[in-house]
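One structure is given below, encoded as structure tokens.
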Amino acid sequence: MNDGPDIRANLDSVRLRVDRAARRSGRDPSEITLVAVTKTVPVHLIEEAIRLGVTDIGENRVQEARAKFGAIQETVRWHMVGRLQSNKVGHALKIFELIHSLDRLSLASELDRIAGASGRPARVLVQVNVSGEATKSGVSPGETLAFLKEVSAFEHLSVEGLMTIAPLVPAEDTRSCFRALRRIFEEAASAGFPRVRMSYLSMGMTNDFEVAVEEGSNMIRLGTAIFGPRPVP
Ligand SMILES: *Cc1c(COP(=O)(O)O)cnc(C)c1O
């Protein structure tokens with residue numbers, strides 16, 4: 516008896532859906548990175564996903580990520596997708612290759628300080644609160660360019676793109692949110708700030724990843740679609 520999630524079938528289905536969404540919008544599916552979001556998922560299921568080809572793991576809490584990072588031997592890329600507290604930056608930079616959730620200057624400053632001491636730049640995405648929901652972190656769309664300019668002054672930060680979380684509404688209703696972020700992404704790319712490159716557009720979750728891909732996402736973050744529903748906290 517095995518009543519865990521069928522990760523193989525789930526991944527097959529996700530890959531097919533990403534492929535189709537990419538082709539619909541004239542894009543190459545291979546340019547889209549799948550980040551498997553593993554919050555609350557036990558290590559043995561994460562390892563199964565890795566055996567099935569997952570190369571990028573996303574976590575939203577430093578504490579939980581540390582335990583799993585210690586237990587998982589395979590070489591994968593770790594992504595921090597949740598809100599990062601300044602007092603956890605030291606631990607976070609030991610684990611995560613990319614932090615998707617830079618949302619305030621004080622965090623940029625702490626990342627810069629610790630990255631400077633380690634001799635390795637901190638690679639980050641700026642989180643934008645496109646929908647403006649009070650419960651979501653992120654800089655506001657109208658302030659994003661000014662924020663990028665300010666963080667470009669930090670010499671030990673490598674800003675590599677933007678991230679957003681769309682509201683939980685019918686998938687088609689997220690399109691305007693993704694389109695708005697894509698527009699900011701393009702403006703930021705042509706702004707030419709030092710140490711700011713727009714390489715990654717991190718948008719799309721289980722509810723809305725096909726729309727996000729159609730609107731230009733090249734990094735989708737999927738939990739439920741791969742591992743099934745999470746336990747209600
Ligand atoms: C949990 C989480 C995800 C994955 O959510 P699903 O809806 O389960 O795919 C993606 N991004 C962030 C920031 C998350 O916290």
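Numbering (the numbering used here), first residue to last: 516 to 748.
The C-beta atom is built at its ideal place from N, Cα and C for all residues, glycine as well.
Values in this document were obtained by computation on a predicted structure and should not be read as measured data.
N-terminal and C-terminal residue of the alpha helix (DSSP H) that residue 578 is part of: 577–586
How is residue 562 classed by DSSP in three states: helix, strand or coil? helix
Starting from the C-beta of residue 570, find all residues in its chain whose C-beta is less than 6 Å away, skip the five residues before and the five after it, and write them out in chain order. 591
In three-state DSSP terms, what is residue 670? coil
Could you work out which residue in 677, 705, 707 and 708 is closest to residue 694 when comparing CA atoms only? 677
Element boundaries [beta strand (DSSP E), containing residue 621]: Note, residue 621: premise wrong, no beta strand (DSSP E); alpha helix (DSSP H) at 620–633.
Taking 8 Å as the threshold (C-beta atoms), are residue 536 and residue 728 in contact? yes
Return yes when the C-beta of residue 680 is under 7 Å from any heavy atom of ligand 2, and no when it is not. Ligands in the displayed structure: ligand 1; ligand 2 is not one of them.
Please classify residue 652: does DSSP put it in a helix, a strand, or coil? coil
Can you grab the Cα-Cα spacing for the pair residue 638 / residue 688, in whole Å? 31 Å
Would you mind listing the beta strand (DSSP E) stretches within the region 677–721 that are 3+ residues and don't spill past its ends, in chain order? 711–717
For residue 704, I'd like the list of residues in its chain whose CB is within less than 7 Å of its CB, leaving aside the five on either flank, ordered along the chain. 713
Distance, Cα to Cα, residue 567 vs residue 588? 15 Å
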